[in-house]
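Written out below as structure tokens is the structure these notes cover.
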Amino acid sequence: MALTRLFAIYPSNKEFGRIQKNLRRALLMPNYVVGHKIPDSDSICSAIALSYLKTTLGEETVPARLGELTPETLFILDKFGFEQPELKTSYAGESLYIVDHSERTQGPDDIDDATILGIIDHHKLGDITTSTPLEIWVRPVGCTNTIIKMMYDFHNVEIPKNIAGAMMCAILSDTVIFKSPTCTTADIKCVEALAEIAGIENPKDLGMDMFKVKSAVDGTPVRDLVLRDFKDFDMNGNLVGIGQLEVIDLAIFDNMKADLEADIAKLKAEGNRHSVLLLLTDIMKEGSELLVVSDNDNLSLEAFGEATTDGKVWLDGVLSRKKQVVPPLQGVFAK
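Using my numbering, you'd call the opening residue of the sequence shown number 1286 and step up by one each time.
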């Protein structure tokens, strides 16, 4: 029986993940799909969704991850019956698709020794380069899974119910349930279509359940919180780390804010970074408190027009790291 037929038999439960892992051992050189270091829900759900699409099209492909999963992502995988993608950090000599980023600092450390088959992303174009032609789907939308939905439509491939549910959740997460300035009409339409496939009557209610999981931080080590959604960026030769914690009420950080500030200072020193920023985003108030540790004491003022007080500043309306934080920071470092 062809491998693609086997995958088609089990699209609606955990057997899909188990079969992929077992069959991978029998394949000499499968392709991989992997997102960024410290993966979020979009990165993981993109890997799952794209691997199924490529496998269905006859290109045996396996989803992978570069790090441990967040509580929100685990919630999504459990709800729709998926096992965690394989933890794989080395890709030398392998062929892979990159999803949800195109930055060298965010990809596998040995990416130069791998063959990149494609990049599917919704961020700015980064600095990953290739020696051979590749497939590129880059769109200015709120989520990589929105682009992958377009790919399914382009290839006229039916999306399994559980994969549709996971894709829908990733879009709701990345667009902050449509509140983020990155959200587009395409994202909203994709959620509506995916919800119908997945049999979800109230996708926004499910989105709130996801953010309640995100907001449950009690008992979580401070370093785990800082790195929960953290990305490094090369800004004109300066390494800048930016983390983000999205919750439904910033009051949950009242008793740990000093510890968060101390830990981002440690993270800056440990990684020889120019700056480390941590966004504490309140999705209900639609804004973020920004914690900053930087070699430039005026970084926040120069980038956002707001000076910090004791290393903190409230940025009203700022929900998106991609659209509202990274671009103005890059502008400062480009001077």
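By construction, the Cβ of each residue, glycine as well, lies at the ideal position given by its N, Cα and C atoms.
In this structure, Thr1460 is the residue among Gly1320, Thr1460 and Asp1490 with its C-alpha nearest to the C-alpha of Leu1604. Residue nearest to Gly1616 within the set Leu1457, Thr1358, Phe1589 and Lys1434 is Phe1589 (criterion: CA-CA distance). Counting only the Cα atoms, Asn1441 lies some 18 Å from Glu1420. Distance from the Cα of Pro1324 is smallest, within the candidate group His1386, Asp1363, Lys1597 and Asp1519, for His1386. Between the stretch 1527-1539 and the stretch 1568-1576 there are three or more inter-stretch CB-CB distances shorter than 8 Å, so the stretches are counted as touching. According to DSSP, Arg1350 shares a beta bridge with Leu1372. Taking the Cα positions, Leu1342 is about 26 Å away from Pro1425. Comparing alpha-carbon positions, the option among Met1452, Lys1373, Ile1537 and Asn1583 lying closest to Ala1483 turns out to be Met1452.
Put simply, the stretch 1321-1337 touches the stretch 1353-1365. At least three CB pairs are less than 8 Å apart.
The straight-line gap separating the alpha-carbon atoms of Ile1527 and Arg1606 is approximately 8 Å. Setting aside the 5 residues that flank it on each side, Ser1585 is surrounded in the same chain by Leu1575, Val1577, Glu1591, Ala1592, Thr1593 and Val1598, each with a C-beta closer than 7 Å to its C-beta; the list follows chain order.
Within the DSSP bridge table, the entry for Tyr1382 names Val1318 and Gly1403 as partners. Contact between the stretch 1392-1400 and the stretch 1362-1377 is present: three or more C-beta pairs spanning the two stretches fall below 8 Å. In this structure, Ala1619 is the residue among Ser1573, Ala1619 and Leu1563 with its C-alpha nearest to the C-alpha of Glu1587.
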